[in-house]
Structure formats: structure tokens, C-alpha cells
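One structure is given below, encoded as C-alpha cells.
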Amino acid sequence: MIDAARERLLGALDPEQRQVAEALRGPVRVLAGAGTGKTRAITHRIAHGVHSGIYQPTEVLALTFTVRAAGEMRTRLRQLGADGVQARTFHAAALRQLRYFWPHVHGTELPSLTESKLPMVATAAGRLRISTDRTQLRDLASEIEWAKVSNVHPDDYPRIAEARQRSVAGLEPQLVARVLAGYEEVKRGQGRMDMEDVLLFTAGLLADDERVAAQVRRQYKWFVVDEFQDVSPLQYALLDLWLGGRHELCVVGDPAQTIYSFAGARADYLRDFAAKHPGATSIELVRNYRSTPQVVAAANGVLASTRDTVQLRAQRPDGAAVRYAGHPDEVAEATAVAQRIAALHHGGVPLSEIAVLFRINAQSEVYEEALNDAGIAYLVRGGARFFDRPEVREAVTRLRGAARSGVRAAEGDTWVDLVRDVLAGIGWTAEPPSGRGHARDRWESWQALVAQADVFESEASGADSEGPGNSGERFNAFVDDLDRRAADQHAPSGEGVTLATLHAAKGLEWDAVFLVGMQDGTMPFSYAQTDEQIAEERRLLYVGMTRARLELSVTWAAARNPGQAARRAPSRFIESLLPASARPATPSARRKARTCVECGAPLPSGAKGRTRCDDCPAPYDEELFERLRAWRKERASADEVAAFMVFSNATLEQLAELRPTTPAAMLRINGIGKDKLERYGDDVLEVLGGA
Ligand code: ATP
Ligand code: MG
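Take any residue in the sequence shown, count from 1 to its spot, add 676: that is its number in the numbering used here.
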């Protein structure tokens, strides 16, 4: 590799990261906090090894834990000129080998991969005459997963479960063990395999068949694992078989981000790496390049009282203070978050640089609704398996067809217009369909492709003369890029806000991150009972906070639904971080002291029904607001829906303030889309007109 190119590559790293990238041979362990450039260091290391001719790209296997992280890694590698390197999840890497070798070794077809354990767990439980509900079945399925990735055989299960005080679905460990064994029997009988079997069978082939092992080891010589703190005993065993006694392994991780021990992950493999690989190069990174000092300080604060304490050192310039806020209920919380997102977007932050992260999937819905009402596009869970969706496949096929047959954009149109035309042929429309559900999901998928075309065009026209020149060539290049992304499962982040669980956000980053529903009982989640479980929840919050580059907001709701009593407190993990203004008042103080919604000053005790003090007049006409509210109440009861589903208070306030007189002007108000305009527009204009 010529020196100038090498300097260009390694010059993008700090001294410790550079040490990682230069340690091309032998075992290497990198132990470092969030956002310190672990992933950056290992991708540069791989590129360095490839460019200097030491690694053949096809001999490198880079492993991660989520489909999205693997996609990111492939993109980063390609940008560094290391095409051809395999970056996969453990699961995907194993499945590929299994598909290839199984028929050779066993002379039979590979059992079919099952998506869900639940039906087979139900059959197994039924055979044992255990009556179970859905929650219990899910708990049993999780326990099966845990036992399998932890290499715990059903015969040993009762002993180990008792020692570790595992309790499942209120069943005796002996009985759980029988469900475990029964489940395997049902599964075998149906000729299926589950996700854990993919790893188990691959490990089995490698352990039992010398020729298979030799062939795989000839293929892969260099191993790299990101997020090594989350490796399970089963994954570790497989990695060991791949290595076959060699030590060409580089692992990076952060014990403070261990968030899968509930599923069997073990951070000890990272901590004790040197014992297993003598002579390992060990490197620590401490500078955080991702986040503002404000975000870093908050994240450090969450771990301050624990043994995971890390002291990240922020490198970025100062940014905004972390925002902490409680809301009366989840609808109010979601509405406020949607409003803040609209403001950020208005101020120039792309929607793809914003994420709303929550503890469990069920929390997503109220955010989907609030964003929908505010007319903001979103992608649930960041679009994993995006290219497997039927509507996306169809769209890509159509686009490829158009490119192959040389279809060109009409006179005066760009190739991006052509993309729109082709997708319009299968149902894409410029405006989203109203409401949620299947039609909306399909539209979001197509819209993500349109947005991706826009991004591609702006990147191509921003690049120097290297990029493809004319419109037709760019269209072809775009379709090629889609094919490559599809092969890589690298979903476009599109022009939408990412809605994801904290677990799914691992390793990723956004300019602005909203951690929502952060009330005690959700964070930590109520299932977490033991100290170890609670510590894992704390680490999960730490992972969430450290996803933010510039702006971090942490919010909670005092009640689930509007009108319910405020019973919930902010997460115990953030209590010590809260500024006085964000601390919830004690219930008795709350009863006594009502405060102004604008400035927070206490209101005089006789001011019944008033929400602001004399110094803070409402920016809108309060009388008009009251009339709109009266109309909303009437309309909501006529339609038999909750009032907030007609319009939120914030929307009514804006209506009273801006007093739109035309449908077009109404559409500019947060919370009013085409749908609502159609339904309530005339009514509202009448109320406003009578003012
Ligand atoms: P996580 O623990 O969340 O997985 P990480 O340690 O893998 O984080 P990266 O994602 O590699 O961190 O890097 C975090 C951010 O900091 C990225 O945007 C990356 O490009 C940037 N970054 C890392 N190192 C440097 C550097 N030396 N100079 C400039 N930017 C850097
Ligand atoms: Mg990383």
C-alpha cells in the first residue's frame, strides 16, 4: 500500500484507534465506551489489512448482532474501498454455511427455518397437559432460547435453573425442563429448525466433520467481532470452531453496554479475552467523538453509581442542555415530542437524523399516531428486512425493468421524476394515504425509495466529476445501488423519523434522540426484579442516551391515558440528573400549588380554572379557544371518540392563535392533515368565522 493512501486512511483516526488499525495480526481486544470509535477503528483496520495486501477481502469475516448493524458495516467498508469483505450477523453467517454443507453431509434437505416458537411450545405444553396463556407461552419460548444459547441441556436444566433462581411462567423447573424436551421433539417431528438450531447445527457440522471444518477454515482466516460484550456461549463456541485454534481475532466491545444477558449474553468473554488468547494486544479508547459534552455528562451520570462506571471524555463542542420533561399522559407526551420534531425539522434537521426510542414495542403506537397527525414521516424499527417486503421487491423489480429496457425520463423531467412515475404505476402517490395500517405501511416503503433517489441524486451531483454523468446513467447507477443494498439488506433510512426499541438502537447514532416513556416501571421495566436485571436496564438507558449526537430529550408520562390520575414517577435512573424544574411535585404539593403553564409560577389559590398568571397572557384568544373546545367536545361525543382524537389541545391553541380562514392555511397547522381537514375542516372554519 503506498504511503500516501495509507496515511489518508489511518490519518482519520486518533492515536489509539490507529493502534487498533495497525495491529493487523494476532489477537486484539478493544475495550471502550460508547461513541469512542470502536466500529470506526475496526472498519479502518479491515480496510488497512485489505489495502496492504495482508488480508484477502474474501478471507475476512466481520460479525455483528443486528441486521442493521451488519448493513452499516458493509456500507462503511465499501466507502473505505474494502468491497468483498463479508460483514454479517452470527446468524446469517452460520445459515449460509449450513445451507451449503448440510445437504452434502446429511444427504437431506435442511429443515425449514421457523419464525416463531410459540405454536410448537403450545403443542409441547398441551401434550404435558399444562394449560398456558399467551404470556406464559412467550416466557417459555424465551426460556427455551436462553437454555439453548447457554448450552443448557433439558436434563441439566432443573439443577441450573434452581441454582440461578430462574422462574418461568410460575412452573416448577422440572416441568419447564419437560417442556424444553417436548418442544425439541415437536420441532423435529415437523422437520423444522429454529434460530438457535442454525448456530447449533453449524457448530455440530464443524465439530463432527473434519472436512467441513477444514474447508470453512481455509475460507476464513481473519475474524472481527463488534459489540463482543453481547456474545452468547453458543455464539462463542461457534466462533471458537471457526478459529480452530488460530488467534487471528479482533474483538471490540463495551461491558457497560451489555444488554442481552437476559438472553444468555456474557460480557466475561470480553473481559477475560487475554486469558484465552495469550499475547493479545489490548487497547482502550476513551474519547467520545459522537456526542456533545452535555449528552456525555448525562450518560456518565446514569452509570456513576455502578461498577460499570466509565468516564467518557467528550470531544465535541458544547451543545444544548439535555431536556427532561414529565407529561400528564402518554398522548400529551407524544404530542409534545412530535411538535419538537416538527420544530427541529423546520430548523433543518433531516428526519432521518431523528430517532424516538422506547423500552418495548407496544410504546410505538402512540408515537406513530402523533407523528401521523403532525404529518411527519417515520420508519418503525429503522426498516430492518426492508428489502424483503413484498411491495419493496415489486418496486425494485419495476425499477430494474425500466432501467434495463432503457426507459428515459420525459423531456424536462429528471431521473428522480422517472422513479416517481414508475412507482406511481404500482400505487405510490405524492401524498400519503390517510390513516394507519397496511396501505400506509406500503406507501412508507415506496416513499423511502423515492427519498433514497433524492439522496442519491444530491450525492451524485455533489461529488466531483467521477459520478455518473447524464440522467440515464444516474438512473442505472441508482438501480445498481438498490440491488447492492438489497443484497446487503441495507435499508434506506429514508426521509423518516426512526421509531425503535432501545435494544434495536445499539451501535447506531442520530443528531437528535428522544427517549420516551421513561417512567419508573417502564424504565426499569417492571419485570426486572433482581439487582442484576435492574443493572441491565440501567445499561439499556445508557445505550439509549449515548445514541444522540447533538440533542437528547428524556420524557415520561405521569399516567397512561388522558384523564387518569398521575401515578407514575420518572425513572429512578435519572432522578439525580433532573433539574428542579423537571422534578415532579409530591402529590400533596401538586394538589395545593397549581402553577402557570407558561412561567411555572404558583397561581393564586382562588384562580379556579385558570392555567396562567397575569404576567403570561395566552398568545391566543382564550375565548375562541374555549369555543373550539366546546365544539370538539360535542363533535367527539357525536362521533363516539375521545376528544383528543379530534384535535389535541395544542392544535386548538394554534387554531385560536393563527385563525386560518382557508383549508390550505389549516393544513399548515401541526396536527391537521388531509384526513382531519376533510372530516372537520368545514366545522372549524365555521367556528373560527363566527369569531
Ligand atoms: P458504540 O459503542 O455506540 O457502538 P463506537 O465506539 O462503535 O460506538 P463509532 O460508531 O465508531 O463508535 O463512532 C462514533 C462516532 O464518532 C461516529 O460518527 C464516528 O464517525 C465518529 N468518530 C469516531 N472516531 C473519530 C475520529 N477519530 N475523528 C472524528 N470522528 C470520529
Ligand atoms: Mg459501534
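The beta-carbon is built from N, C-alpha and C at its ideal position, and this holds for glycine as well.
Assumed close pair residue i, residue j - CB separation to whole angstroms, cut-off 8 angstroms
i, j, result
"Pro1004", "Ala1242", "6 angstroms"
"Phe1371", "Leu1328", "The requested residue 1371 is not part of the displayed model; the chain covers only 677 to 1367."
"Ala738", "Val927", "In fact, because the Cβ distance is near 11 angstroms, the residues do not count as touching under 8 angstroms."
"Gly725", "Trp918", "Wrong, their Cβ atoms sit about 18 angstroms apart, outside the cutoff."
"Glu925", "Ala879", "For the record, residue 925 in the displayed sequence is Leu; it is not Glu. Actually they are not in contact, since the Cβ atoms of Leu925 and Ala879 sit about 17 angstroms apart, beyond 8 angstroms."
"Thr1011", "Ala1046", "5 angstroms"
"Leu1175", "Ser1040", "5 angstroms"
"Gly858", "Ala800", "4 angstroms"
"Leu876", "Lys824", "7 angstroms"
"Leu1304", "Ala1332", "6 angstroms"
"Leu707", "Leu946", "7 angstroms"
Counted within 10 angstroms of its Cβ, other Cβ atoms place residue i as buried (16 or more) or exposed
i, result
"Tyr1356", "buried"
"Arg617", "Outside the displayed span of the chain (677 to 1367) sits residue 617, for which this structure offers no information."
"Lys952", "exposed"
"His829", "exposed"
"Gly1059", "Reliability of the predicted coordinates at Gly1059 is poor, the pLDDT of 45 falling under 50, and the value obtained from them is presented with this limitation in mind. Classification of Gly1059: buried, given that the 10 Å Cβ count is 16 or more."
"Asp1371", "Only positions 677 to 1367 of the chain appear in this structure, which leaves residue 1371 out of reach."
"Arg1267", "In this prediction, Arg1267 has a pLDDT of 49, which is less than 50 and means its spatial position is unreliable; nothing more can be read from the coordinates."
"Lys1309", "exposed"
"His780", "exposed"
"Pro1246", "buried"
"Gly1172", "buried"
"Leu804", "exposed"
"Ile678", "exposed"
"Phe1034", "buried"
"Pro1200", "buried"
"His720", "buried"
"Ile1017", "buried"
"His1021", "buried"
"Asp930", "buried"
"Ala758", "buried"
"Glu1135", "exposed"
"Pro703", "buried"
"Asn976", "buried"
"Ile1102", "exposed"
"Ala1344", "First, the residue type needs correcting, since residue 1344 is Arg and not Ala in the sequence shown. Arg1344 should be labelled exposed."
"Thr811", "exposed"
Among the options, nearest to residue i - alpha-carbon criterion
i, options, result
"Asp1130", "Tyr1000, Ser1110, Pro1108, Val1155", "Val1155"
"Leu756", "Gln773, Ile722, Glu785, Asn1146", "Ile722"
"Ala1180", "Thr811, Val1056, Ser826, Thr790", "Val1056"
"Met624", "Glu1041, Arg864, Leu689", "With the chain running from 677 to 1367 in the structure shown, residue 624 is simply not present."
"Asp1049", "Ser1247, Ala717, Ala1326", "Ala1326"
"Leu794", "Val1007, Gln891, Glu819, Ala1078", "Glu819"
"Leu1253", "Arg947, Gly955, Val978, Gly709", "Val978"
"Gln1128", "Tyr1203, Ile1102, Val1095", "Val1095"
"Arg674", "Ala801, Ile1250, Ala800, Ala1233", "Lying outside 677 to 1367, the shown extent of the chain, residue 674 is not represented and no answer is given."
"Val1317", "Leu753, Leu1178, Pro1238, Glu683", "Pro1238"
"Asp1359", "Thr1338, Ala1071, Glu1135", "Thr1338"
"Tyr1296", "Trp1307, Val1322, Pro1336, Ser1257", "Pro1336"
"Thr982", "Gln933, Ser967, Asp948, Gly1024", "Gln933"
"Trp778", "Leu816, Leu881, Glu1067, Ala699", "Leu881"
"Gln732", "Ile718, Gln762, Phe1151, Arg716", "Gln762"
"Leu1158", "Phe1062, Thr1105, Leu1178, Thr790", "Phe1062"
"Leu1226", "Val1126, Ala990, Thr1090", "Ala990"
"Ile718", "Thr742, Leu685, Val1042, Arg744", "Leu685"
"Thr715", "Arg752, Thr734, Gln812", "Arg752"
"Ala681", "Asp690, His727, Pro691, Thr712", "His727"
"Glu735", "Met749, Gly760, Gly711, Ala746", "Gly760"
"Ala1162", "Gly709, Gln773, Ser967, Pro1066", "Pro1066"
"Arg992", "Val1013, Ala1078, Arg966", "Arg966"
Beta carbon proximity, residue i to chain C, threshold 7 angstroms
i, result
"Glu1087", "Note that chain C does not occur in the displayed structure, where there is just one protein chain."
The segment 1203-1217 / the segment 934-941 touching (three or more Cβ pairs under 8 angstroms): yes
Meets three-Cβ-pair contact criterion under 8 angstroms: the segment 1028-1035 and the segment 1182-1189: yes
Sufficient close CB pairs (3 or more, under 8 angstroms) joining the segment 776-790 to the segment 760-767: no
The segment 964-971 contacting the segment 1211-1225, beta-carbon criterion three pairs below 8 angstroms: yes
Stretch-stretch touch, CB-based, cutoff 8 angstroms, three pairs: the segment 955-965 with the segment 683-701: yes
Alpha helix (DSSP H) segments (min. 4 residues) lying fully within the segment 1027-1080: 1040-1049, 1066-1080
Inter-stretch contact at 8 angstroms, needing at least 3 Cβ pairs: the segment 834-848 / the segment 867-887: no
Secondary structure, alpha helix (DSSP H): runs of 4+ residues fully inside the segment 799-826: 810-825
Complete alpha helix (DSSP H) runs within the segment 936-1024 (minimum length 4 residues, chain order): 944-947, 949-952, 969-979, 1006-1022
Any alpha helix (DSSP H) of 4 or more consecutive residues that is wholly inside the segment 754-800: 766-782
Chain-ordered residues, beta carbon under 7 angstroms from a heavy atom of the ligand SAM: As for the ligand SAM, it is missing from this structure, which binds only the ligand ATP and the ligand MG.
In chain order, each beta strand (DSSP E) run of at least 3 residues that lies wholly inside the segment 847-917: 898-901
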